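What follows is a set of notes on a single structure, which appears directly below.
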Amino acid sequence: MLPYECYVGGDAALGDQARAVRRAVFIEEQGVDETEEMDDKDDEATHVVVTDGDDPVATARFRFVDETTARIERVAVLESYRGEGLGVRVMDAAETTAREQGATSAFLHGQSRVEEFYEKLGYEAEGETFEEAGIPHVEMVKPLE
53 MLPYECYVGG DAALGDQARA VRRAVFIEEQ GVDETEEMDD KDDEATHVVV
103 TDGDDPVATA RFRFVDETTA RIERVAVLES YRGEGLGVRV MDAAETTARE
153 QGATSAFLHG QSRVEEFYEK LGYEAEGETF EEAGIPHVEM VKPLE
């Protein structure tokens, strides 16, 4: 078992921790514009945050787009923590919680460079590659039943 703690919820403190990881990964590392990354969807999302002690190191969020479909977004792991299974851990927590809340399917816009990661989790690509925040992405779907 990994020595990290995983938290799921919609409270402000968890959202702040999630944004700290997203800032480091998407804005600082990948050059995504801050106004695009820090959108107005955090308040309606459920956040997943993995911590190392008091430090947030991985995150994801999900929102329902209809009664049974969850959109998983903003999946990020700090560079120094990659390769330790934390991406799998946040995805599992997001999917499990979404399923418990009634989701029967999930979709995401995954960066093309990590498409294989999502495929290993059971996601299948749908449609053509497109740009989001200046980065090639692909829409991927997975049944949660």
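According to the working numbering, the sequence shown is numbered sequentially starting from 53. Here a beta-carbon is modelled for each residue, glycine too, at the ideal position from N, C-alpha and C. These numbers come from a predicted model, not from an experiment.
Residue burial classification, residue i (beta-carbon count within 10 angstroms, cutoff 16)
i: T111; result: buried
i: V117; result: exposed
i: Q153; result: exposed
i: T156; result: exposed
i: M53; result: Here M53 scores only 48 on pLDDT, less than 50, and its place in the model should not be relied on; the value that follows carries that caveat. Classification for M53: exposed.
i: A70; result: buried
i: A65; result: exposed
i: E57; result: exposed
i: P55; result: exposed
i: P108; result: buried
i: E197; result: exposed
Beta carbon of residue i nearer than 7 Å to that of residue j
i: G67; j: D94; result: yes
i: V190; j: A128; result: no
i: A150; j: K194; result: no
i: A185; j: E88; result: yes
Best match in the options for proximity to residue i [C-alpha to C-alpha]
i: F182; options: E171, K194, E167; result: E167
i: V140; options: K172, A155, F114; result: K172
i: A122; options: A146, V129, E131; result: A146
i: D63; options: D91, A97, V102; result: A97
i: V101; options: M143, A177, M192; result: M143
i: F114; options: R126, E86, F169, Y59; result: R126
i: E180; options: F169, L196, Q163; result: Q163
i: E178; options: I187, V109, H161, F169; result: H161
i: E131; options: D104, V77, T120; result: V77
Beta-bridge partners of residue i, as assigned by DSSP
i: L160; result: I124, M192
i: D107; result: D104
i: E184; result: I187
i: V129; result: A110
i: G61; result: H99
i: F78; result: Looking at the DSSP assignment, F78 forms no beta bridge with any residue, so it has no partner.
i: F116; result: A122
i: E176; result: V193
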